[in-house]
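Only one structure is covered here, and it is reproduced in the block below.
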Amino acid sequence: KEAWYRLLKNGVSNYHLRYIIERVKSLRSHAGEKLLEQWVTNDDLIYIIKHVPFLRRRAWQKLLENEPSKDDLLKIIIYVPSLRKEAGQKLLEKELTQDDLSYIIKYVPFLKYEAEKQIEKTKLLQAIQTKKNKVLDKILKLGKPASSSDTDQKKQGS
């Protein structure tokens with residue numbers, strides 16, 4: 001505890017607070033509180049959410065205010081079971097890859113249906129885009145002006 005008070009007196013960095021949160025169980029809540037009082041990154045908030053259940057809800061609200069990235073939400077889904085549903089729903093609002101959706105299917109079973117629907121929608125949109133590109137290519141080929149040799153041959157044929 002003496003070292004803790006010395007750290008507080010001299011100023012403690014977010015890095016050191018995260019280290020304490022992860023490794024010093026008896027100071028975890030104090031370090032989490034102190035970290036929340038400072039300027040925090042999303043990674044700092046995820047550390048608190050993951051390791052300090054007492055501050056989890058407060059840190060989660062702050063993370064939501066900071067507009068979490070897909071990676072931030074995936075970390076929450078993987079490491080914090082009590083927030084999986086909320087993080088999964090937030091994640092579904094973003095533009096997702098097949099891997100992102102696979103994480104949702106694996107770790108958030110009650111969002112499996114929505115994730116599978118998005119996978120199917122993505123596949124359908126890709127198929128439509130491929131078909132559209134093929135049709136456009138055909139149209140462009142049909143609409144090309146005749147080359148000068150084709151024009152010469154037509155004139156000779158007349």
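To convert, note that position 95 of the sequence shown is 95 in our numbering; the numbers rise steadily by one, no gaps.
Cβ coordinates follow ideal geometry from the N, Cα and C atoms, glycine included.
Spatial neighbours of ARG38 in its chain, beta-carbon cut-off 7 Å, leaving aside the 5 residues before and after | At residue 38 the sequence reads Gln, which differs from the Arg that was named. ASN14.
Stretch-stretch touch, CB-based, cutoff 8 Å, three pairs: the stretch 41-52 with the stretch 17-26: yes
Does the beta-carbon of LYS9 have 16 or more other beta-carbons within 10 angstroms, so that it is buried, or is it exposed?
exposed
- Message: Going by beta-carbon coordinates alone, are LEU91 and ASP100 separated by less than 8 Å?
- Response: yes
Same chain, Cβ closer than 7 Å to GLU114, five either side skipped, listed in chain order: LEU92
ask   = Does the distance from the C-beta atom of GLU33 to that of LEU55 stay below 8 Å?
value = yes
* Measure the alpha-carbon distance for LEU83 versus VAL108 and round it to whole angstroms. => 10 Å
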